[in-house]
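> Numbering (this note's numbering), first residue to last: 4 to 75. Quick one: structure below, then a few questions.
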């Protein structure tokens, strides 16, 4: 194999590196999925709250978003 020739490692080590790479990619995908759900649930929780309980920062963000939506 190509890696065996360049780095002088055995085929078993190449196979192990492939498994490690797959596991690392799997962990990254799971982390991305979990973090995106956290952001989405936080947004949904905020939208369920009554606007009268929003902080000034939340009101400004909402108004800025609505202005941006109106322009596009």
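Using N, Cα and C, we set each Cβ at its ideal position, and we do this for glycine too.
1. To the nearest angstrom, how far is the alpha carbon of residue 71 from that of residue 65?
2. For a quick check, are the C-beta atoms of residue 43 and residue 61 less than 8 angstroms apart?
3. In whole angstroms, give me the CA-to-CA distance for residue 24 and residue 18.
4. Mapping DSSP to helix, strand and coil, what is residue 58?
Let's see:
1. The residue labelled residue 71 in the question sits at position 68 within the chain shown. The residue labelled residue 65 in the question sits at position 62 within the chain shown. Each residue's alpha carbon lies about 10 angstroms from the other.
2. If you number the chain shown from 1, residue 43 lands on position 40. If you number the chain shown from 1, residue 61 lands on position 58. No, the Cβ-Cβ distance between residue 43 and residue 61 is not below 8 angstroms.
3. Against the chain shown, residue 24 aligns to sequence position 21. Against the chain shown, residue 18 aligns to sequence position 15. The alpha-carbon atoms of residue 24 and residue 18 are separated by roughly 10 angstroms.
4. Here residue 58 refers to the residue found at position 55 of the chain shown. If DSSP states are grouped into helix, strand and coil, residue 58 belongs with coil.
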